[in-house]
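Written out below as structure tokens is the structure these notes cover.
Numbering (the numbering used here), first residue to last: -10 to 301.
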């Protein structure tokens, strides 16, 4: 049976969807509970969309959640994703796209008062990308740490050398070069990493270096979804503004229809994208570096009855 704190319990749904942890595995549920809603919010980054999602999650929790544990867990997850989306949306400048600057402040290029200038998504996308890669490296290194612990406990030295250990050593070599500027020190560590890789995975294991680079770059999807959400939202606002200004009376009605239709589509489509890509970062990049699972969910033994006869 999985033993997780209350805040992480709903995410057992996702972990078990991938594979139920066995008794030798490190249960990744807590890390997923911390990272999944954050990744989701990073992808969506629109505070108003987050409010809508939090309301939907609460309704799901209070409604169908009363009759189904799965819906209850999913409702909690959606609320948490909505709250992270609200926070990150306010910090990066997303509230129905550029609705507030365009229609209320009268200057579409003006930032929201809550924005941290250096992480304004459209003004400094390069910073959003750098943060995404740093977060990805932290996420991957947690997986490497778990993998090292698992392989040491199980005595799988070759798997350790050809997997997590060599990637950590390659990262260390890069950090040493950036800090010391010495090719020699960094080069020695890099050679040790390559020898470990060759010992653990053989000559073809060198090709896995490209897989490691791909895993790191995979976190750039956080930037891509962040910009696409804001871009579609801003397009909806621009079309609404153009229609209301071009056609008297009728343009107002058309503008409102376009505004509502595009934003509803954007919420649904981008939420689905944020959900899928956040899940993928865990199932592929994170779990792929240490997690085995291959167990069955613990179900306590009990008698299954329809009617029970009680003797007086």
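In this text, a Cβ means the ideal position worked out from N, Cα and C, and glycines have one as well.
Which of the three DSSP states is assigned to residue 37 in this structure? Reduced to three states, the DSSP call for residue 37 is helix.
Top-ranked residue by Cα proximity to residue 66, from 37, -1, 168, 96: The shortest Cα separation from residue 66 among 37, -1, 168, 96 belongs to -1.
How about residue 158 and residue 178: are their beta carbons less than 7 Å apart? Contact flag set, yes.
Please give the ranges of any alpha helix (DSSP H) in the segment 118 to 182, keeping only runs that are unbroken, at least 4 residues long and fully inside the region. When DSSP assignments are scanned along the segment 118 to 182, the uninterrupted stretches of alpha helix (DSSP H) that are 4 or more residues long and fall wholly within it turn out to be 146 to 149, 155 to 169.
Look at residue 155 and residue 132 and say whether their C-beta atoms are less than 7 Å apart. For residue 155 and residue 132, no; Cβs fall outside 7 Å.
Decide if residue 223 is buried, meaning its Cβ has at least 16 other Cβ atoms within 10 Å, or exposed. Its Cβ being crowded by 16 or more others within 10 Å, residue 223 is buried.
With DSSP as the reference, label residue 84 as helix, strand or coil. Taken through DSSP and simplified to helix, strand or coil, residue 84 comes out as strand.
Check whether the Cβ atoms of residue 29 and residue 213 sit closer than 7 Å, and answer yes or no. No.
Report the CB separation of residue 79 from residue 36 in whole angstroms; it is logged as a contact under 8 Å. The pair is a contact, with the Cβ atoms about 5 Å apart (cut-off 8 Å).
Go ahead and pull the three-state DSSP assignment for residue 15. Looking at residue 15 - three-state DSSP - the assignment turns out to be coil, as it is neither helix nor strand.
Assuming contact is defined by CB atoms lying nearer than 7 Å, are residue 39 and residue 219 in contact in what I supplied? With a cutoff of 7 Å on beta-carbon distance, residue 39 and residue 219 are scored as not near each other.
Presumed contact (8 Å Cβ cut-off) between residue 209 and residue 274, rounded CB distance: Not confirmed; about 12 Å, so no contact.
Distance between residue 8 and residue 19 (C-alpha atoms, nearest Å): Cα to Cα, the separation comes out at about 15 Å.
What three-state label does DSSP hand residue 96 in the structure shown? Here residue 96 sits in coil by DSSP.
Cα-Cα, which of 136, 105, 109 is closest to residue 151? With distances taken between CA atoms, residue 151 lies nearest to 136 out of 136, 105, 109.
Regarding residue 67 and the ligand NAP, is the C-beta to nearest heavy atom distance less than 6 Å? With respect to the ligand NAP, the structure shown offers nothing to examine, as it has no ligands at all.
Buried or exposed: where does residue 143 fall if 16 or more other Cβ atoms within 10 Å of its Cβ makes it buried? An exposed status is given to residue 143, since fewer than 16 other beta-carbon atoms sit within 10 Å of its beta-carbon.
Beta-carbon gap between residue 247 and residue 228 smaller than 7 Å: Yes. Within cutoff.
Helix, strand or coil at residue 27 according to DSSP, with G and I counted as helix: Looking at residue 27 - three-state DSSP - the assignment turns out to be helix.
For the pair the segment 237 to 255 and the segment 92 to 111, tell me if three or more CB-CB distances fall below 8 Å. At 8 Å Cβ cutoff, the stretches do not touch.
Buried versus exposed, by CB contacts within 10 Å (16 or more), residue 259: Buried: at least 16 other Cβ atoms inside 10 Å.
For a test of the three-state rule: what should DSSP assign to residue -9, helix, strand or coil? The DSSP-derived three-state label of residue -9 is coil.
For a quick check, are the C-beta atoms of residue 61 and residue 50 less than 7 Å apart? In contact: residue 61 and residue 50 (Cβ atoms closer than 7 Å).
Helix, strand or coil for residue 104, going by three-state DSSP, please let me know. Look at residue 104 here: in three-state DSSP terms it is coil, with no helix or strand label.
How many whole angstroms separate the CB atoms of residue 243 and residue 232, which I take to be in contact at a CB cut-off of 8 Å? Right, their Cβ atoms sit about 5 Å apart.
Are the CB atoms of residue 12 and residue 211 within a distance shorter than 7 Å? Going by C-beta atoms, residue 211 is not nearer than 7 Å to residue 12.
For the segment 203 to 284, list the alpha helix (DSSP H) runs that are entirely contained and at least 4 residues long, ordered along the chain. Whole alpha helix (DSSP H) segments, 4+ residues: 210 to 235, 239 to 269.
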